[in-house]
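What follows is a single structure, written as structure tokens, with notes after it.
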Amino acid sequence: MTASGSAPDDRAPADRVNDDRAAEHRASGASSDPTALLHEVSAAVGAITRHLSVHQVLEVIVSSARRLVGADYAAIGIPDDEGGFAEFITDGIGEEQRLKIGPLPRQHGMLAAILAESEPIRLDDLRRDPRFRWWPKAHPTMAALLGVPIQECGRTLGIVVLTNDLGRPGFSESDTDLIELLASHAAIAITNARLYERSRELTVVEERNRLARELHDAVMQRLFSLRLSARAARKLAPTDPEAAACRLGEVEDLAAEAIAELRAVIVELRPADLDAHGLVETLRRHVTLLDRLHDTEVTFEVLSPVDLSRDGEVEVLRLVQEALSNAFRHARARRVAVTVESERITIADDGSGFDAAEAATRGLGLLSMRERAKALGGDLDLTTAPGEGTVVTLALDAPADPEGADRD
Numbered sequence: 000m001t002a003s004g005s006a007p008d009d010r011a012p013a014d015r016v017n018d019d020r021a022a023e024h025r026a027s028g029a030s031s032d033p034t035a036l037l038h039e040v041s042a043a044v045g046a047i048t049r050h051l052s053v054h055q056v057l058e059v060i061v062s063s064a065r066r067l068v069g070a071d072y073a074a075i076g077i078p079d080d081e082g083g084f085a086e087f088i089t090d091g092i093g094e095e096q097r098l099k100i101g102p103l104p105r106q107h108g109m110l111a112a113i114l115a116e117s118e119p120i121r122l123d124d125l126r127r128d129p130r131f132r133w134w135p136k137a138h139p140t141m142a143a144l145l146g147v148p149i150q151e152c153g154r155t156l157g158i159v160v161l162t163n164d165l166g167r168p169g170f171s172e173s174d175t176d177l178i179e180l181l182a183s184h185a186a187i188a189i190t191n192a193r194l195y196e197r198s199r200e201l202t203v204v205e206e207r208n209r210l211a212r213e214l215h216d217a218v219m220q221r222l223f224s225l226r227l228s229a230r231a232a233r234k235l236a237p238t239d240p241e242a243a244a245c246r247l248g249e250v251e252d253l254a255a256e257a258i259a260e261l262r263a264v265i266v267e268l269r270p271a272d273l274d275a276h277g278l279v280e281t282l283r284r285h286v287t288l289l290d291r292l293h294d295t296e297v298t299f300e301v302l303s304p305v306d307l308s309r310d311g312e313v314e315v316l317r318l319v320q321e322a323l324s325n326a327f328r329h330a331r332a333r334r335v336a337v338t339v340e341s342e343r344i345t346i347a348d349d350g351s352g353f354d355a356a357e358a359a360t361r362g363l364g365l366l367s368m369r370e371r372a373k374a375l376g377g378d379l380d381l382t383t384a385p386g387e388g389t390v391v392t393l394a395l396d397a398p399a400d401p402e403g404a405d406r407d
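Sequential numbering of the sequence shown, starting at 0, is according to the working numbering.
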């Protein structure tokens, strides 16, 4: 079951406890408790549908599957069209051992059999099955196997493989039913995640095409005229300095117009959600998306409405997105809270924080954020310290503080 995946030591303490309970659960026969099983399956399905990234969906599926039946190892594979696997994620194999095992597996032996079958494969000892071939030298010795295809409309999207060490008990019929149920939800989640990622790609392409058209129509023609005027000025300079100076005045005017046109194009890069839903709902949707895509808990609270111009809404949205990006990329926060009020918007995280005096050298986009706040006629306040998290407060409708502009 060669793969790239999560090592057991990387799991959260709660997950390790759940794994231990799952192992006891199988050994004691407590899996017959329908209420406990219902809660476990519900939690697993809820975790799967929470994520919109395909890779994250796969990681949740494989860890949930192993936990549900108390298996020693689990893997999920998504086949490619070249006889291998586009994704092959494991759970239960440490990072060091995974590196020793080597590259991703190919579609052969038992993995190929599970891909080809429409029904689960359950074996007490996979090594005795004629379809088994071999595994790499560093691969753990496995005996009991449960392989379940992930199918949608008769098409196999992937496989879930569960195994136990030699000497450990095999998998039961109820285990098979549980993983089949999980696989049916996994098929929906994988399909939805792929559709979401595809829609995002199409949106980016459409926006790039629109921007290209806008730049060509609004800016390139202006720059072409500017070039012609500059060329005329160069030719006139030796013989008619006065006419050349006149042409250079035209160059200056055309350059100013080109800058204005470019600024107009940038302003037009207004997210469609702002027109459709307004600033507050767009922020809420963005926060909800981040909460789904990341393990970090992101909350959103509105205490009072916000009334801004169209341009102001874009500036606020971009500023909040930059602050949230910092919380995820730099602070490694576990919790982030966005609070919206008429007079201020606050983004607070419990991350690593940093030395505010060195902020200018950390590349956190603070200059850009301050410029956006200034454009709004507001002020940006940053409260942070190493190990104490960060609070970014955008004060709206407040005069900019020139003395405090470089505090951070």
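Note that beta-carbon positions come from the ideal geometry of N, C-alpha and C, so glycine has one too.
Taking the alpha carbon of residue i as the point to measure from, which residue in the options has its own alpha carbon closest?
i	options	result
G101	D123, R130 and W134	W134
G83	A243, I113 and L103	L103
R333	K234, R121 and L289	L289
D274	E296, D310 and D252	D310
L227	A243, E179, D71 and T155	A243
T190	L225, I149, G69 and T162	I149
I88	A192, Q55 and E95	Q55
E118	E251, V68, V315 and L145	L145
L278	R154, A137, I344 and A112	I344
V335	Q220, S341, I346 and E179	I346
L247	A232, I258 and P237	A232
R130	L122, K136 and A137	L122
T298	H285, G377, D124 and D90	H285
P139	A236, R126 and E260	R126
A137	C152, K99, E151 and R291	K99
M219	I258, L365 and D128	I258
E172	S198, R193 and V147	V147
L302	D380, V337 and R193	V337
L365	T155, V319 and R154	V319
A408	R132, T155 and E151	Any property of residue 408 remains undetermined from this structure, which presents the chain solely from 0 to 407.
Helix, strand or coil for residue i? Go by DSSP, reduced to three states.
i	result
V319	helix
D354	coil
D310	helix
P148	strand
T287	helix
L393	strand
A11	Confidence is the limiting factor: at A11 the pLDDT is only 41, short of 50, which leaves the residue's position unreliable, though a coordinate-based value still follows. Of the three classes helix, strand and coil, the one that applies to A11 here is coil, per DSSP.
D272	helix
T89	strand
L247	helix
A347	strand
L381	strand
P240	helix
R230	helix
G376	coil
E387	coil
A330	coil
V53	helix
L103	coil
G169	coil
E116	coil
H184	helix
E128	Inspection of the sequence shows that residue 128 is occupied by Asp rather than by Glu. Three-state DSSP puts D128 in coil, outside helix and strand.
L365	helix
S63	helix
V279	helix
S198	helix
What's the call for residue i, buried or exposed, on a 16-neighbour Cβ count within 10 Å?
i	result
R25	For R25, the pLDDT reaches just 44, beneath the cut-off of 50, and the residue's location in the model is therefore unreliable, leaving the point undetermined.
D176	exposed
I92	buried
N325	buried
A182	buried
N163	buried
P304	exposed
S63	buried
H107	exposed
R66	buried
R221	buried
F353	buried
D90	buried
What are the residues that DSSP puts in a beta bridge with residue i?
i	result
T298	A336
D164	M141
P78	F84
G157	I149
Y72	T162
L122	L144
Could you tell me how far apart the beta carbons of residue i and residue j are, in whole angstroms, since I believe they sit closer than 8 Å?
i	j	result
A455	V391	Limits of the chain in this structure are 0 at one end and 407 at the other, which puts residue 455 out of reach.
G157	I77	4 Å
D349	G388	5 Å
L57	E86	6 Å
A374	E312	The pair is not a contact, with the Cβ atoms about 12 Å apart (cut-off 8 Å).
V61	D174	Contact flag wrong, Cβ pair sits at about 15 Å.
E151	A186	4 Å
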